[in-house]
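These protein sequence lines are chains L and P, in that order.
Position in the first sequence counted from 1, then plus 523, gives you the working numbering.
Position in the second sequence counted from 1, then plus 6, gives you the working numbering.
Here a beta-carbon is modelled for each residue, glycine too, at the ideal position from N, C-alpha and C.
A short worksheet on the structure shown next.
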Amino acid sequence: MKRQFSCYLLPLIFVLSASTASAQFFYFGRNKVQYTDFEWHVLRTEHFDIYYYPEMKELAERGAFFAEESYKLLEVKFNHTLNKRVPLIFYSSHLHFQQTNTTRGFIPEGVGGFFEFLKGRVVIPSDGSTAQFRHVIRHELVHVFMHSKISRVLIDHRKPRDRFPPLWFTEGLAEYWSTEWDTQAEMVMRDGVLSDIVVGLDDINKIYGSFLMYKEGQNALQYIARTYGQEKILFLMENFWKETSFSDIFKITIGKNYKEFDEEWLYALKKQYYPLLAENDAPSSVTHNLVKDGFNSKPVVFEIDSTREVFFIGNRTGYTGIYKKNLDDSDPKASEIQVIEGEQSDEFEAFHPFRSRIDVSNYGVLAFVTKSGENDALHLYDVVTNELVQTFRFSSLVSIGSTSWAPDGKRLAFTSIDMAGNNDLYILNTETRELRKLTNDYYDDRDPAWSPRGDKIAFSSDRTPFGKQGKYNLFLYDVEVGTIDYLTYGNENANSPSWSKDGSKIAFTCDVDGAQNIWIIDVDKRFRGGMRSMTKVTNFTTAAFDPTWTSSGDLVFATFEKFSFQIKMLKDITSVYDTSTSVNLIDLYNKEKPWEPKSIAGKSEIKSFKYDGDYSLDIAQSAISTDPVFGTSGGAFLALSDLLGNEQYYFLLYNTAQSQDELLSSFNLAISRISLSQRTSYAYGIYRFAGRRYDLTDKDEFFFERAYGGYFALGYPLSKFKRIETSVSLTNSTKEVTGAIEDRKALLISNAVSFTHDNSLWGPSGPMDGSRFNLTLAFTSDIQYSNVNYYTVIADYRHYLRLSQRSAFASRFWIFYNHGKESRRFVMGGSWDLRGFKRWSIRGEKLWLVSNELRFPFIDQFAVRFPFGGVSLWSIRGALFIDVGSAWDTKYVETLGSIGGGVRMNLGGVLVLRYDIGKRIEENFRRFQNGIFQQFFFGWDF
Amino acid sequence: MGLLIIKRKSGLGITSFVAAWTTLATLNAGCGSLKLDRPLRVGKTDWPTFARVGSRINATTERITPPLSLDWKYDITGGIGNGSPLIVDSLLIVGNLRGELYAINAYTGKRRGWVSFGGAIQGSPVVDRSTVIVPCSNSRKSLIAYNLFEGKLTWEREYGDIEVSLLLLDQKIYFGNTQGVFYCVDKANGEMVWKYEIQENTKLKGIRSSPACEGKTVIFGAEDGNVYALDALTGKQRWRFQTSASIVASPAVMDGSVYIGNLEGVFYSLDLITGQPKWKFSAGTSIYANPSLANGLVIFGTTGGTMFALNNDDGSIAWETNVGSVVNSGAVVSGDLAYVGTLKQHLYAIRITDGTTVMKLEVPGRIKTSGVVAKGRLFVATDENLVLAYQGSDL
């Protein structure tokens, strides 16, 4: 929920730089591509304005019902009402959600929605599950209510509204008041306590922002409600005005400070969870470990000849991909082989490691899903020949889930979310490309598994009476007849079915007894009355996911332990099944009707209309600044945007007059508009600038310049990683140079086109993997007085070779070239480029630079503890570098260089402090300087 | 306060020191100015205490009949807690959450004066003759007696954070604090007469329920879910009744019965002498509001937005009316109408005989406190820092 300022200044900086000189500092970055042309409508309910597009109208109406239902509930819980209507912006899939302009940043896979408090917007995607949609709506509305309540408390007591409760409280409460304590929460807390990674509130910043922190917050609040009374949670908010520190507010409300509370709460957790070890085991202590490092999920086994390999989705380096490992490799340290490198190319833009199972056919073709452009794509990869065979894209299907091969190796079953937000089951014939839709409703169908016998597809779905609580049961789809029958039935979650190789049994995960373990159903066995039985084969303290069989009856699956997802194996599961005494009967006779979610359509107070823009002020800021050289200036800045963040307007007005008679001539004004609603974004504006300047790129002149004009810029993203940009500006400039006889007048037209590529992956102090490249061509000309006429070429290539998890070798190559009349100089020197030389001391119309740097972890933690408190510094990184380059106007003078090392420290993710020490290489690389240089500055690594 | 250098050689230095400290002390004691030109005369229909009288019945025979018209409004520059304004003589006296006490002419809406005590004034003060005793929270001193006629502090004492409305009975002030201690103090000097502490209070169960009284018994609810009845003279516990959940609402007492609701939405009628339940009623959602007693009915609202009227002898429903949003405050009964406000910025008038909604008026701000009917007006406070005075069609 952060406001992001950088983009507000970009158009102005662009405008200010009539040349491209300043572009050397910032032109990289990935692209948020507006693939989809959303036609926004607004559904108005009693308390909400709901923004949706027509394809998802039914989903929006269900969401409207959930929103009003949540409002009534939260009004009571918070003992508070909202006095403004709340804008809710719905998306029918996560892929659409990732295109939103309501936040500048990219939205990771795991983000389920957010509340943006500047405009009070709530933005929520659906993932196909109605119950989850309802949960997320309520979760975000808890944030809305909390924000309103806390603001009210501070306003009532006339306290500054510059603070908010800590994240563990805000997210913990959002979870506590929006959902029950479910299996996933239980899994995380069990693991945290039994693995000794749980921390108390006093140390909760150590896990700041993590999912464990969310669940600890939820658990702590649950504990407070149970032990101290539900009303204490409300009092924590109502006492918020009394102290500035939340820990002090905690003390006066609960009667204990964090430390005292932690003693009691953590002890209660131990009492609750330690006894589990009597009857259950941590996965690592009873299974064969296959893959441990990094993040690993969705395993599938492929056997050919006598080789057994497990394929899985993994992430070790920051990029998710598909890996494989030999199941029978006796060396536990044998590493995995990467099969598909993801998240660095347009084709495999992103994986869905929590959502999309992979599968390998009997003929060795791996089917997997990635985001590729606007929608997901289904890829087929031959694991024997190591070739990508085919890619399928479907214009009507947005997001694809798990895949499963038919035994014939020609047909694929998969689930997919369409534009309406419904997640249904499909069959694709990979030879004829025929797509057949098997289910067509609002129930959420997942995890298809095609029987080896070819006649049935098992899948998980919420089409049960328990779906309202977000529960899933297993079903069997008859491929020939098209009927759906229950396989399990109960108020529990049954997911990820997997058939044994002979088609007689299905292994699946189920949380019927409080933890997600693996159960097996003998499909061929039915009891009297049509009952089935399910047998538990694992007794993990935490959870198992996505079981998959081998032909010899072993089971391979993912587990959650020590807050990581690992791949494990249990051998000869059939004997475990035969001897297990944990057997549940499934009564399939007394079934009730599946749930039907309510919606809010058809009520008289509902109004739906097309959205045509709803603007409000984002920033209104005034400032006065003073400078010993240039004097004082003062002004104001306004930024407006519409509710969806697609259209932005900026207004800048300031004055640099140093005396009254300069007042009129020293007004500065800039007005810009930026449009992000389409794939091609554009910006245009007009400006008038006047004031004293010192341009170090222009022969160290002091001058007074008046300039007015306009600009137009276009940007077209080719993909998330590549884009083309072009711009044109026209500026009338008059420069009164100090000491010159005549003013320099010019009517400058500047054209530029650039291509940018960026798939870099960032570490704590800068990029660690991938590469970045920019090529810019520009031409600037004075079309009236012919005083200026030059062209520009900028080429900037940076490559990051990953050496290990936390180290990389980074290279940078620059060529900056200006040539022509009054062509501007580029600048170099300082901590950001040619180190060892004074900042911007090297100037020339032509410039080149090569940098090589080894980046590595230096100090992981540095802590000092005083009696009254302590200071900890984390993740201090080291670097060894060599920089070589030069700059000149007409004649090449000498090659300069430097060599040295340095340390970098990231402060709060916002700023990186850097310190370098080394030697300059002088006299055309003939000698090192006498002594050493030291440079201390801020800034990210190149 | 800063460092003052006293010049020993010069008497001027000492004088400056004294003057500075006097100024600072005065400032600390309370900013603003509130001094009346004559002593107050408390009238029969005045509201010198929360809910008008110590039994907290929140009803008056004075009638205000819709349609209502706004007579005046006044911005008291700070939020309003759960204590309602007081009407004494020609003044409306109200405290805000910035710790400021205002005296406003009830007829004209013009400010007579104000004084700041720091902290927050959450509950209603109590007025006795010309002295107003003010409860404060998170301030230097939490119980303050201020003489409105003399325009100065009479005394001030520290009794922990007080977030309830005060009870005045036989020259004693009764109140509980957020640490779970209930006090009886002498009105003349603020000194403690006795105190009662919630037993084994390891969970910091406080007292946010304003006390009521009948005879020599003082009754209040507490966060531990108990209703306490104490002997007003000695502080000895007469009885204690455990309800099903925390209590923040204030009780009302009439004819030997105590009426009170809790946060689980259960409303009780208890015998005043024995504490035994006479009946109980499940309202469904939390009860923050104090009940009003009139015409054999007990009337209260819930956070679920329902106004209930129960027959006070057996707890059966006389009527229930939905008012659309959270009700945090008691209804003020004026004649045969009950005026109640909601958090959705509406003021309702409900006929107490049958529950019919006679008026629904939009007001600027959420209503969290009970209104007051006096001086031919209905006075309502909202969270937009406003005190509103409405006149009815009776005038």
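Cβ-based neighbour list, residue i, same chain, cut-off 7 Å, excluding 5 preceding and 5 following
i, result
"P:Gly288", "Per the sequence shown, residue 288 of chain P should be read as Ser rather than Gly. So the list reads Gly271, Val272, once near-sequence residues are dropped."
"L:Leu911", "His902, Tyr904"
"L:Trp1371", "Trp1337, Ile1338, Gly1408, Ser1409"
Exposure label - residue i; buried when at least 16 CB within 10 Å
i, result
"L:Tyr1138", "exposed"
"P:Pro131", "buried"
"L:Tyr1009", "buried"
"P:Arg69", "exposed"
"L:Asp679", "buried"
"L:Asp714", "buried"
"L:Arg684", "exposed"
"P:Gly398", "buried"
"L:Asn762", "buried"
"P:Pro73", "exposed"
"L:Lys894", "buried"
"L:Leu1434", "exposed"
"L:Asn602", "buried"
Alpha-carbon spacing of residue i relative to residue j, whole angstroms
i, j, result
"L:Ile673", "L:Lys682", "11 Å"
"L:Glu1265", "L:Phe1225", "14 Å"
"P:Lys50", "L:Trp788", "55 Å"
"L:Phe1461", "L:Ile1382", "18 Å"
"L:Phe1379", "L:Ser1398", "10 Å"
"L:Gln900", "L:His662", "One detail in the question is off: residue 900 of chain L reads as Ala in this sequence, not Gln. Cα to Cα, L:Ala900 sits roughly 31 Å from L:His662."
"L:Gly1367", "L:Leu1396", "40 Å"
"P:Asp237", "P:Arg244", "6 Å"
DSSP-derived helix/strand/coil call for residue i
i, result
"L:Lys994", "coil"
"L:Gly552", "coil"
"P:Ser288", "strand"
"L:Val665", "helix"
"L:Pro806", "helix"
"L:Lys933", "coil"
"L:Ile660", "helix"
"L:Arg1335", "strand"
"L:Lys782", "helix"
"L:His617", "helix"
"L:Pro577", "helix"
"L:Met1092", "strand"
"L:Ser1019", "strand"
"L:Val1079", "strand"
"L:Gln1384", "strand"
"L:Pro988", "helix"
"L:Asp771", "helix"
"P:Leu349", "coil"
"L:Glu632", "coil"
Own chain residues within Cβ distance below 8 Å of residue i, not counting five before or after
i, result
"L:Thr767", "Arg686"
Own chain, CB closer than 6 Å to residue i, minus 5 neighbours either side, in chain order
i, result
"L:Tyr1172", "Leu1163, Arg1196"
"P:Gln128", "Gly87, Ser143, Glu169"
"P:Ala109", "Leu40, Leu97, Ile99, Arg118, Gly119"
What residues in the segment 221-235 of chain P bring their beta carbon closer than 7 Å to a beta carbon of chain L?
Answer in chain order: Glu229.
By the 9 Å beta-carbon criterion, what residues does the segment 670-683 of chain L contribute toward chain P?
Per Cβ criterion, the list reads Arg675, Val676, Ile678, Asp679, His680, Arg681.
Check each residue of the segment 768-800 of chain L: if its Cβ is closer than 7 Å to any Cβ of chain P, include it; give the result in chain order.
Taking 7 Å as the Cβ-Cβ cut-off, the segment 768-800 of chain L approaches chain P at Ile777, Gly778, given in chain order.
When Cβ atoms are compared, which residues of the segment 600-615 of chain L fall closer than 8 Å to chain P?
Listed by position along the chain: Asn602, His603, Thr604, Asn606.
Short of 9 Å Cβ to Cβ, which residues in the segment 276-298 of chain P face chain L?
Here the close residues are Thr291, Ser292, Tyr294.
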